[in-house]
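Participant: The letter at position 86 of the sequence shown is residue 86 when you use UniProt numbering, and the numbering goes up by one with no holes.
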Amino acid sequence: MSKIIEIFGYSRNQPEHIDLASLIQGQHCPYLKRRCIKVRKSQPDISIGTCSVVYGKNSIPVIICPHRLLERKQIFIDCLHLLTNHEPGNELHVVSEISIPGGNVDYFLVSALNNKVKDFVGIELQTLDTTGTVWPERQRLLEELGVPTEDNQSQSKKTFGMNWKMTAKTILIQLHHK
């Protein structure tokens, strides 16, 4: 059984509700509302589309795509308490990809009143990074769900791991520089 549990925003457990072949061909990310930006290095015209996997001896679900965190915009609701100067009646705005010295901030949640910023919080999205390749697992999932694949990668023994140290290093460096 494939270790991929979500592809292009859909759980492997709900395939009867969607046209999987069209989903794979469309390469659409429901969280970004455009083509998935996680592409194969060897074939950049193909989006991988893997949002989450199971990993480890206990098959724990792990999110591997930061855009997966955007579901229902819950992450912004969860950050409301960080706006200490926000008051009822203020407008809330989500602004993405703001360039600052040191890089881009993924999102800002802004509280404004009368077109003036009253408070804001920067939000960086970080999920676990993988080592190796998830492609054989992706292809295995497609075949398990009855979607034909054009390669024999589902038979590959290549696998993926979790790059815990790189993930921690990446977010710490990003937060320090920004």
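Idealized CB from N, CA, C, for every residue including glycine.
Buried or exposed: where does leucine 175 fall if 16 or more other Cβ atoms within 10 Å of its Cβ makes it buried?
Facilitator: Classification of leucine 175: exposed, given that the 10 Å Cβ count is below 16.
Participant: Whose C-alpha, out of Arg68, Val147, Lys165, Thr84, is nearest the C-alpha of leucine 23?
Facilitator: Val147
Participant: Would you report the Cα separation of serine 121 and threonine 149, rounded to the nearest angstrom?
Facilitator: Note on identity: in this sequence residue 121 is valine, with serine being the wrong assignment. Near 44 Å, if we compare the C-alpha coordinates of threonine 149 and valine 121.
Participant: Just the Cα atoms here: how many angstroms apart are valine 117 and proline 88?
Facilitator: 14 Å
Participant: Roughly how many angstroms lie between the CA atoms of residue 202 and arginine 138, to the nearest whole one?
Facilitator: A query on residue 202 cannot be resolved here, the shown segment of the chain reaching from 1 to 178 and no further.
Participant: Distance, Cα to Cα, lysine 165 vs serine 11?
Facilitator: 28 Å
Participant: Only counting the same chain, and skipping five residues up and downstream in sequence, which positions put a Cβ closer than 6 Å to that of tryptophan 135?
Facilitator: Gln153
Participant: Relative to the C-alpha of threonine 133, which candidate in Val105, Ala112, Asn163, Tyr31 has its C-alpha closest?
Facilitator: Asn163
Participant: Might you give, ordered along the chain, the residues of its own chain that have their beta carbon closer than 8 Å to the beta carbon of isoleucine 63, omitting 5 neighbours on each side?
Facilitator: Cys51, Ser52, Leu69, Thr127, Leu128
Participant: Taking only runs that begin and end inside the segment 31-90, name each unbroken alpha helix (DSSP H) of 4 or more residues, in chain order.
Facilitator: 74-78
Participant: Confirm, please, whether the CB-CB distance from phenylalanine 76 to residue 261 is below 7 Å.
Facilitator: As shown, the chain starts at 1 and ends at 178. That puts residue 261 outside it, with no answer to give.
Participant: Could you tell me the distance, in whole angstroms, from the CA atom of histidine 177 to the CA atom of serine 99?
Facilitator: Between the alpha carbons of histidine 177 and serine 99 lies a gap of roughly 12 Å.
Participant: Which term fits histidine 86, buried or exposed, when burial requires 16 or more other beta carbons within 10 angstroms of its beta carbon?
Facilitator: buried
Participant: Tell me whether residue 238 is buried or exposed, calling it buried when 16 or more other Cβ atoms sit within 10 Å of its Cβ.
Facilitator: This structure leaves residue 238 out entirely; the chain is present only between 1 and 178.
Participant: Using 8 Å for Cβ pairs, my map puts leucine 109 next to leucine 92. What's the rounded Cβ distance?
Facilitator: 7 Å
Participant: Could you check how far apart the C-beta atoms of residue 185 and tyrosine 107 are, in whole angstroms? I think they sit under 8 Å.
Facilitator: Here the chain has residues from 1 to 178 only, and residue 185 is not among them.
Participant: If we count the other Cβ atoms within 10 Å of its Cβ and call it buried at 16 or more, is isoleucine 131 buried or exposed?
Facilitator: The sequence shown places threonine at residue 131, not isoleucine. That one is exposed.
Participant: Please determine, among Ile123, Glu6, Ser59, the residue with the shortest C-alpha to C-alpha distance to leucine 83.
Facilitator: Comparing Cα positions, the closest option is Ile123.
Participant: How long is the line joining the alpha carbons of isoleucine 5 and arginine 34, rounded to whole angstroms?
Facilitator: 21 Å
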